[in-house]
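Only one structure is covered here, and it is reproduced in the block below.
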Amino acid sequence: MNSLILVLSVIIIFIIAYATYGSYLCKTWGLDPKKQTPAHTMEDGVDYCPAKAPVLLGHHFASIAGAGPIVGPIQAAVFGWLPVMLWIVIGSIFVGGVHDMGALFASVRHDGKSLGEVIHSTMGDTGRKLFSWFAWLTLILVIAAFTAICAGLFVSTPAAGSTSILFIILAIAFGFFVYRKGAGLGVSTVVGVVLLFACIWLGMRFQFTAGFTKSTWVIILVAYITVASVAPVWILLQPRDYLNSFLLYAMIIGAVLGLVILHPTIEAKSFVAFNTGNMNYLFPMLFVTVACGAISGFHALVGSGTTSKQIDNEKDVKLIGYGSMLIEGVLATIAIITATYIATPELGELLSDGGPMNVFATGIGNFMQSFGIPFETGKVFTSLAISAFALTSLDTATRLGRFIFQELFDNRQSADEKANVLTNKYVSTVITAGLGGLLAVMGYAKVWPIFGSANQLLAALALLTLAAYLKKSGKSNKVAVIPTIFMFVVTFAALVLLIIQKSADFATNWILVIIAAILLVLAVVLARFGYKTLTETTEEKIKG
Amino acid sequence: MDNEKVKEFLNNFKLFFQGATDFNRKSQSLLMKESHNEMDDFILLCFGDILGIPIPTSYYSLELLPLIADDLDGWQRRMVSRLYIWGEKWGDFDLDA
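Taken in sequence, the protein lines are chains A and B. Quick note on UniProt numbering: the first sequence kicks off at 1 and runs consecutively. Quick note on UniProt numbering: the second sequence kicks off at 1 and runs consecutively.
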């Protein structure tokens, strides 16, 4: 099948869904264009400020799209491309779109408060504590998954490792010159981007190969994120984010150009097997592996974090919440095409060699070759772009994990009480990053499904909050309840399966088994709470 | 489709890319938020008594009131509605995951 036709048909299906199901959601939820949004009622010029709908759509899309929609679909391609494709299309329309739009809508109706705060107001303090532990565990899994993915990539493409290190040095220098020496942003950007490409050239010449195993890279990365997440944002996080965006857009342009010029025929099998071995069943594993392209709990956090505070008019909720999820579905489709462009036996080899990012980098490298960029350069460039992405995720996840951990252990009642050592900034960072690193050593293949389950549990929780809110406001909540049940079933099944699978080798996998067990207990508690909330007749806890 | 509509659509398309490729926005907002957080802490140190926290220096810091008066409204709302820190922080960082 020609890949260009596949992409186009997905786009057409999404446009139809947007016009029909999207409008149906607007009608049943009662989106009111006349109602004032928090961006107007609470305008402060910092967080709360109305933004034009298309601009905000761009912002929101850029925030939810990242390494996720690339890693998941490629990893799941072992089942064959057709089931992944179907889950992306159906999931985006009926589950992910509802979830993203719903989280945004609920947040807009709660003064633009974040999901955590909305949950707090519905579940009370115990609920908040539970949610904090759950969020912390999820972040540990983010750290583990992305550390492992980067380490794998750096071993399989050594040039990407040395380029990434040079890139970090460049970012620090950029931050220093712009924010401490007062260098102009325009000139610095030009110099920065030129040096960025020089880094790739240099990185390809000096490669860390001898002695740099996966574990070595994990240790280096953990040390790096520990330092990076306690450093002030201007020195590293901010300039790296800034330079990253140039890499990202160059990569997207390369991929799209290559796709149009090459429009490869899909070589891989459309369906491989229901069980690809080692208890890797299509149900539920596919649904926790492909998160970002179909439904992802993290989107609820973005939607209810920044976006909801900038919604100009309630009618924009459909475009921004539902629309951006569908665009992300298209992105995931492109990711699956890069994976399937490579024939199945090679795919397995590349996957076990350097993980999904290796597959993606090889695919895009091939694409770029079609318009004259040497394969090796294209591959290193793509590797750098996606590892830079992953490093940003690592940095921010460690920062957030540290805040949560500190707050969990801060039980002081009066000012003169001695602070718990666990609330120390450095101690909490080392614990958070260290635990992530410990898990990362086990390899991404083992961590990713558990991370996926945690992420989907978060999505289930967001959908549950939406269902509860809709019920409270006297509207039909079927569109939210059915996906909620589905997501809970998927996470239960996945976690039980993972526990059984990992318990076979308990001595090496004990941390994973314990984390999966804790997540399962949390899922049970949350499901029980959800059942209670949705069946109660007079419910006053949820703010209307 | 008439000319106006095509024009509007193209303009919206442009705005979408403007939003998505706004290199500066995401990274600048991080810096803005950090500096605003610092400002919030500073106001807390100077005018904590508005929230009922006794501040011994408030007699002197009162001199700053005209300079800070504009910020006080938003600041007070933020302080009062703050339930816990990470709930807020989570929205500031996007994880790209």
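From the three backbone atoms N, C-alpha and C, an ideal C-beta is built for every residue, glycine too.
Buried versus exposed call for residue i [16 or more other C-beta atoms within 10 Å across all chains shown]
{"i": "A:GLY544", "result": "Because the pLDDT at A:GLY544 is just 43, under 50, the model does not fix this residue reliably, and the point stays unresolved."}
{"i": "A:GLY182", "result": "exposed"}
{"i": "A:LEU8", "result": "exposed"}
{"i": "A:PHE14", "result": "buried"}
{"i": "A:GLU267", "result": "exposed"}
{"i": "A:TRP448", "result": "buried"}
{"i": "A:VAL302", "result": "buried"}
{"i": "A:ALA198", "result": "exposed"}
{"i": "A:ILE542", "result": "No answer about A:ILE542 holds up, because its pLDDT of 48 lies below 50 and its placement is not dependable."}
{"i": "B:PRO56", "result": "exposed"}
{"i": "A:THR306", "result": "buried"}
{"i": "A:GLY530", "result": "buried"}
{"i": "B:ASP41", "result": "exposed"}
{"i": "A:PHE403", "result": "buried"}
{"i": "B:GLU38", "result": "exposed"}
{"i": "B:ALA97", "result": "Low per-residue confidence applies at B:ALA97: pLDDT is 44, beneath 50, and the placement is therefore not dependable, though the value from the model is reported in the following sentence. B:ALA97 comes out buried."}
{"i": "B:SER81", "result": "exposed"}
{"i": "A:GLY474", "result": "exposed"}
{"i": "A:ALA273", "result": "exposed"}
Residue i - DSSP class collapsed to helix/strand/coil
{"i": "A:ILE311", "result": "strand"}
{"i": "B:SER61", "result": "helix"}
{"i": "B:ASN12", "result": "helix"}
{"i": "A:ALA231", "result": "coil"}
{"i": "A:ALA419", "result": "coil"}
{"i": "A:ALA335", "result": "helix"}
{"i": "A:LEU411", "result": "Note that residue 411 of chain A corresponds to Asn in the displayed sequence, not to Leu. In this structure, A:ASN411 counts as coil in the three-state DSSP scheme."}
{"i": "A:ARG109", "result": "helix"}
{"i": "B:ARG78", "result": "helix"}
{"i": "A:THR37", "result": "coil"}
{"i": "A:ASN509", "result": "helix"}
{"i": "A:THR306", "result": "coil"}
{"i": "A:VAL46", "result": "coil"}
{"i": "A:VAL181", "result": "Note that residue 181 of chain A is Lys in the sequence shown, not Val. Note: A:LYS181 maps to coil in three-state DSSP."}
{"i": "A:MET251", "result": "helix"}
{"i": "B:ASP22", "result": "coil"}
{"i": "A:VAL441", "result": "coil"}
{"i": "A:GLU328", "result": "helix"}
{"i": "A:GLN501", "result": "helix"}
{"i": "B:ASP2", "result": "coil"}
{"i": "A:PHE14", "result": "helix"}
{"i": "A:LEU31", "result": "coil"}
{"i": "A:LYS472", "result": "helix"}
CB contact flag (residue i, residue j, <8 Å)
{"i": "A:ALA159", "j": "A:VAL380", "result": "yes"}
{"i": "A:LYS423", "j": "A:VAL118", "result": "The sequence shown places Thr at residue 423 of chain A, not Lys. No. Outside cutoff."}
{"i": "A:SER3", "j": "A:LEU259", "result": "yes"}
{"i": "A:GLY203", "j": "A:PHE174", "result": "no"}
{"i": "A:LEU439", "j": "A:ILE511", "result": "yes"}
{"i": "A:GLY443", "j": "A:ALA148", "result": "yes"}
{"i": "residue 554 of chain A", "j": "A:GLY152", "result": "Because chain A in this structure spans residues 1 to 544, residue 554 of chain A falls outside the shown range and cannot be described."}
{"i": "A:SER215", "j": "A:GLY80", "result": "no"}
{"i": "A:SER387", "j": "A:SER107", "result": "no"}
{"i": "A:PHE360", "j": "A:ILE261", "result": "no"}
{"i": "A:GLN75", "j": "A:PRO356", "result": "yes"}
{"i": "A:LEU520", "j": "A:LEU497", "result": "no"}
{"i": "A:LEU115", "j": "A:ALA228", "result": "no"}
{"i": "A:VAL178", "j": "B:MET32", "result": "no"}
Per DSSP, cross-strand counterpart(s) of residue i
{"i": "A:TYR281", "result": "A:ASN275"}
{"i": "A:THR265", "result": "A:ASN2"}
{"i": "A:ALA51", "result": "A:ILE311"}
Identity of the residue in the options nearest residue i by Cα
{"i": "A:VAL95", "options": "A:ILE169, A:HIS60, A:ALA467, A:GLY127", "result": "A:ALA467"}
{"i": "A:PRO232", "options": "A:GLY152, A:ALA151, A:ARG399", "result": "A:ARG399"}
{"i": "A:MET285", "options": "A:GLU43, A:ILE70, A:ALA454", "result": "A:ALA454"}
{"i": "A:PHE131", "options": "A:PHE61, A:ASN358, A:LEU461, A:LEU350", "result": "A:LEU461"}
{"i": "A:ASP241", "options": "A:GLU536, A:GLY66, A:TRP136", "result": "A:GLY66"}
{"i": "A:THR333", "options": "A:ILE88, A:ILE16, A:GLY80, A:ALA17", "result": "A:ILE88"}
{"i": "A:PHE287", "options": "A:ILE90, A:ILE11, A:GLU536", "result": "A:ILE90"}
{"i": "A:CYS150", "options": "A:LEU394, A:ALA419, A:LEU408", "result": "A:LEU394"}
{"i": "B:LEU10", "options": "A:PRO33, A:TYR21, A:PRO54", "result": "A:PRO54"}
{"i": "A:ILE515", "options": "A:ALA527, A:LYS502, A:GLY112, A:LEU526", "result": "A:LYS502"}
{"i": "A:MET101", "options": "A:PHE177, A:VAL479, A:ALA445, A:TYR426", "result": "A:VAL479"}
{"i": "A:ASP44", "options": "B:ASP71, B:LEU51, B:LEU30", "result": "B:ASP71"}
{"i": "A:VAL427", "options": "A:GLY401, A:ALA445, A:LYS446, A:VAL441", "result": "A:GLY401"}
{"i": "A:SER308", "options": "A:GLY437, A:THR276, A:PHE105, A:GLY68", "result": "A:PHE105"}
{"i": "A:GLY58", "options": "A:VAL218, A:ASP316, A:ASN477, A:THR392", "result": "A:ASP316"}
Cβ of residue i within 8 Å of any chain C Cβ
{"i": "A:ASP44", "result": "In the structure shown, chain C does not exist; the protein chains are A and B."}
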